[in-house]
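Novice:
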Amino acid sequence: MAWLSSPGRDPETTRSWQHGALVGAAASIGAASATFAVSGGIAALVARHVVTPTTRPGNVTVLKLEKDPNSGQDLVTLPATPDTRVAGTYALRFDNGAGLARIGFVVRQTGGTVTRLVERVYRGELAEGKRGWWTGTVYARPSDAGLAYRKVKIPTALGPAPAWLVPGDGDTARPDHGGTWAVMVHGRGAQRPECIRGARVAHQLGLYSLIVSYRNDQEAPATDDNRYGLGFTEWEDVQAGIRYALEHGAQDIVLFGWSMGGAIVLRTTELTEFKDRIRALVLTGPVVDWYELLAHQTRIHRIPRRVGRMAADLISHRMGPRITGLAEPLDLHALDWLSRWEDITTPTLILHSTDDEVVPVAGSVKLADLNPHVDFVGFSGARHTKEWNIDRKRYERAIGDWLTAVLRPGR
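Next up, the structure:
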């Protein structure tokens, strides 16, 4: 999930941000002081960026491919970045996303490079000089994770949206889970494969998983403005997924959400006509307050905090669409769950890394402290939405144990 450029990210992206900030600032000079003009220009750029679907830039280059002399397995050497140095299992997307390689443990680190095991190349040919992006999404489709699935279409107000339906494991299905389905929602800048990590544990519990797409994610039908609604609009597509599940045998629903998908899930739970069917929420690195997220992003990029506030106000203001391109302004106060914590009454599990560089963990911790319906499991070193990647067993065990208790008859 891409946000503002950060240390270790593509320098071309950084330069485009700097150029855009200068252009925005120049357009504002004369309307206010130079300082305010610069802040306003950057705020406009941030506001537009947050709601605009973007293509991920290549930020990793394959420096070397070799065979391990002992095992004969493939090794890949990459630039050492805060992401590529982290322990665990990840993926490298290359050839503009057409290629996918699953990358395993760190073999060695030398100076500014890191060498890791290549566990498997799903698609494409990995070679020296290939440029791509590092991601926690290690599977391209459920079958890559050993899960049977079929493709389905979810009827939405904008047209059919593609989804994957993964059946539960009949051999380990627990009778007390009955007809409960998991509906899974990916985050900003991601697509359905992000959710396969959650489908693994749902499958083990005997739950069906419906992995949905939503408007403007480059899979589902787009809106006229082609902008993210940050949860305000996408929830309708998730409700369509819930409806599909209920019409195809589900009795109850568990909603999974990653990052912005968490904001979408919380909005869905509040507004859906099927609220009484939702048994639980499982959120990984969720956005629970857009104001705090934007303040966090500007802070780590050494931009004045007021810029984050101005960007949020631009998204919410009635005149904001002139800058953001949104069809309608988005009232971000309605998505501030730290102020509205009492409105969350569905059992909720949040899994969040303490060093999340995109969505500040403090919001998740505070929400769990305030709300007795919210439980929190912390991770360390995973960065954004890579809790599964850094400790797969702990992540799946935490969800499995919690859901087993929540879905027990009588709860």
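Letter by letter, the sequence shown follows residues 1 to 411 in the UniProt record's numbering. Glycine residues also receive a C-beta, built at the ideal position from the N, C-alpha and C atoms. No experiment lies behind these values; they were computed from the predicted model shown.
(1) Using only alpha-carbon positions, find the residue among 402, 386, 262 and 397 that is nearest to residue 363.
(2) May I have the straight-line CA-CA distance separating residue 122 from residue 141, to the nearest angstrom?
(3) Which class does residue 307 belong to by DSSP, given the choice of helix, strand or coil?
(4) Sort 46, 409 and 41 by Cα distance to residue 296 and report the nearest one.
(5) From the DSSP secondary-structure annotation, give me the bridge partner or partners of residue 109.
(6) According to DSSP, simplified to helix, strand and coil, what is residue 221?
(7) Where does residue 404 land, buried or exposed, given buried means 16+ other C-beta within 10 angstroms?
(8) Starting from residue 260, trace the alpha helix (DSSP H) both ways and give me its first and last residue.
(9) Rank 87, 125 and 92 by C-alpha distance to the C-alpha of residue 108 and give the top, closest one.
(10) Could you work out which residue in 275, 197, 208 and 196 is closest to residue 235 when comparing CA atoms only?
(11) Alpha carbon to alpha carbon, what distance is there between residue 133 and residue 5?
(12) Taking buried to mean at least 16 other C-beta atoms within 10 Å of its own C-beta, is residue 232 buried or exposed?
(13) Under the DSSP definition of a beta bridge, which residues are partnered with residue 90?
(14) Who pairs with residue 278 in a beta bridge, going by DSSP?
(15) With a threshold of 16 other CB atoms inside 10 Å of the CB of residue 105, please say whether the residue is buried or exposed.
(16) In the DSSP assignment, what are the bridge partners of residue 154?
(17) Considering just the uninterrupted stretch of the beta strand (DSSP E) at residue 132, what are its terminal residues?
(18) Who pairs with residue 66 in a beta bridge, going by DSSP?
(19) When you compare only the Cα positions, how much space is there between residue 74 and residue 310?
(20) Looking at C-alpha atoms only, which residue of 139, 165, 195 and 154 is the closest neighbour of residue 148?
(21) Helix, strand or coil for residue 353 per DSSP?
(22) With a threshold of 16 other CB atoms inside 10 Å of the CB of residue 273, please say whether the residue is buried or exposed.
(23) What residue range is occupied by the uninterrupted alpha helix (DSSP H) comprising residue 244?
(24) If we call anything under 9 Å between Cβ atoms a contact, is residue 382 one with residue 375?
(25) Pull the bridge partners of residue 181 from the DSSP assignment, please.
(26) Is residue 328 helix, strand or coil by DSSP?
(27) Should residue 328 go down as buried or exposed, given a rule of 16 or more other Cβ atoms within 10 Å for buried?
(28) With 16 as the cutoff for other CB atoms within 10 Å, does residue 260 come out buried or exposed?
(29) Closest to residue 258 by C-alpha separation, out of 53, 388 and 83, would be which residue?
(30) Kindly list the residues whose CB is nearer than 6 Å to the CB of residue 394, restricted to its own chain and excluding five residues on each side of it in sequence; keep chain order.
(31) Could you spell out the range, first to last residue, of the beta strand (DSSP E) harbouring residue 374?
(32) Excluding sequence positions up to five away, which residues of its chain have a Cβ less than 7 Å from the Cβ of residue 135?
(33) Measure the C-alpha to C-alpha separation of residue 195 and residue 43 and round it to an integer number of angstroms.
(34) Can you tell me whether residue 61 is helix, strand or coil according to DSSP?
(35) Take residue 39 and list the residues in its own chain whose beta-carbon comes closer than 7 Å to its own, dropping the five residues that flank it on each side.
(36) Identify, in the order they occur along the chain, each residue of the same chain with its Cβ nearer than 8 Å to the Cβ of residue 124, setting aside the five sequence neighbours on each side.
Specialist: Once the coordinates are examined:
(1) For the purposes of this step, residue 363 is taken as the residue at position 363 of the sequence shown. Nearest C-alpha to residue 363: 262.
(2) Position 122 of the sequence shown, counted from the first residue, corresponds to residue 122. Position 141 of the sequence shown, counted from the first residue, corresponds to residue 141. Approximately 10 Å, taken between the alpha carbons.
(3) For this step, residue 307 is matched to residue 307 along the sequence shown. Residue 307 falls in the helix class under three-state DSSP.
(4) Residue 296 sits at position 296 when you count from the first residue of the sequence shown. If we check each option's Cα against that of residue 296, 46 comes out closest.
(5) If you number the sequence shown from 1, residue 109 lands on position 109. Its beta-bridge partners are 114.
(6) Stepping through the sequence shown from its first residue, residue 221 is reached at position 221. Coil at residue 221, not helix or strand.
(7) As a first step, residue 404 must be located in the sequence shown, where it is residue number 404. Flag for residue 404 reads exposed.
(8) To locate residue 260, count along the sequence shown from 1; it is residue 260. Residues 260-271.
(9) The residue given as residue 108 occupies position 108 in the sequence shown. Selected option, being the one with the closest Cα: 87.
(10) Position 235 of the sequence shown, counted from the first residue, corresponds to residue 235. The shortest C-alpha separation from residue 235 is found at 275.
(11) Taking the first residue of the sequence shown as position 1, residue 5 is located at position 5. Taking the first residue of the sequence shown as position 1, residue 133 is located at position 133. The pLDDT assigned to residue 5 is 43, lower than 50, so where the model puts this residue is not dependable, and the model offers no usable value.
(12) As a working mapping, residue 232 is identified with position 232 in the sequence shown. Label assigned to residue 232: buried.
(13) Reading the sequence shown from its first residue, position 90 is the one you call residue 90. Answer is 103.
(14) Walking along the sequence shown from the start, residue 278 turns up at place 278. In the DSSP output, where bridge partners are listed per residue, residue 278 has 253.
(15) The residue labelled residue 105 in the question sits at position 105 within the sequence shown. Under this definition residue 105 is an exposed residue.
(16) Within the sequence shown, residue 154 is the residue found at index 154, counting from 1. Answer is 161.
(17) For the purposes of this step, residue 132 is taken as residue 132 along the sequence shown, with counting starting at 1. Start and end: 131-135.
(18) Reading the sequence shown from its first residue, position 66 is the one you call residue 66. The partner list for residue 66 (beta bridge, DSSP) reads 75.
(19) Locating residue 74 in the sequence shown gives position 74, where the first residue counts as 1. Locating residue 310 in the sequence shown gives position 310, where the first residue counts as 1. Those two C-alpha atoms are separated by around 48 Å.
(20) Start at 1 with the first residue of the sequence shown, and residue 148 comes out as number 148. Cα-wise, what sits closest to residue 148 is 165.
(21) The count along the sequence shown starts at 1 and reaches residue 353 at position 353. If DSSP states are grouped into helix, strand and coil, residue 353 belongs with the strands.
(22) For this step, residue 273 is matched to residue 273 along the sequence shown. It is exposed - the Cβ of residue 273 has fewer than 16 other Cβ atoms within 10 Å.
(23) Looking up residue 244 in the sequence shown gives position 244. It spans 235-247 - the alpha helix (DSSP H) in which residue 244 sits, taken as one unbroken run.
(24) Translated into the one-based positions of the sequence shown, residue 382 becomes position 382. Translated into the one-based positions of the sequence shown, residue 375 becomes position 375. No. Outside cutoff.
(25) Counting from 1 along the sequence shown, the entry for residue 181 is found at position 181. Beta-bridge pairing links residue 181 to 208 and 253.
(26) Counted from its first residue, the sequence shown places residue 328 at position 328. Coil at residue 328, not helix or strand.
(27) Position 328 of the sequence shown, counted from the start, is the residue given in the question as residue 328. Exposed, since its Cβ has fewer than 16 Cβ neighbours within 10 Å.
(28) Looking up residue 260 in the sequence shown gives position 260. Classification of residue 260: buried, given that the 10 Å Cβ count is 16 or more.
(29) Numbered from its first residue, the sequence shown carries residue 258 at position 258. When each option's Cα is compared against that of residue 258, the closest is 388.
(30) The sequence position of residue 394 within the sequence shown is 394, counting from 1. Cβ within range, chain order: n/a, list empty.
(31) Along the sequence shown, read from residue 1 onward, the residue named residue 374 stands at position 374. 374-379 is the extent of the beta strand (DSSP E) around residue 374.
(32) Against the sequence shown, residue 135 aligns to sequence position 135. Taken in chain order, the residues that qualify are 90, 91 and 93.
(33) Translated into positions along the sequence shown, residue 195 becomes position 195. Translated into positions along the sequence shown, residue 43 becomes position 43. So the alpha carbons of these two residues sit roughly 31 Å apart.
(34) Residue 61 sits at position 61 when you count from the first residue of the sequence shown. Looking at residue 61 - three-state DSSP - the assignment turns out to be strand.
(35) In the sequence shown, counting from the first residue as 1, residue 39 sits at position 39. For residue 39, where only same-chain residues beyond five positions count, the Cβ hits under 7 Å are 304, 306, 307 and 310.
(36) Here residue 124 is taken as the residue at index 124 of the sequence shown, counted from 1. Around residue 124: 94, 95, 98, 99, 100 and 101.
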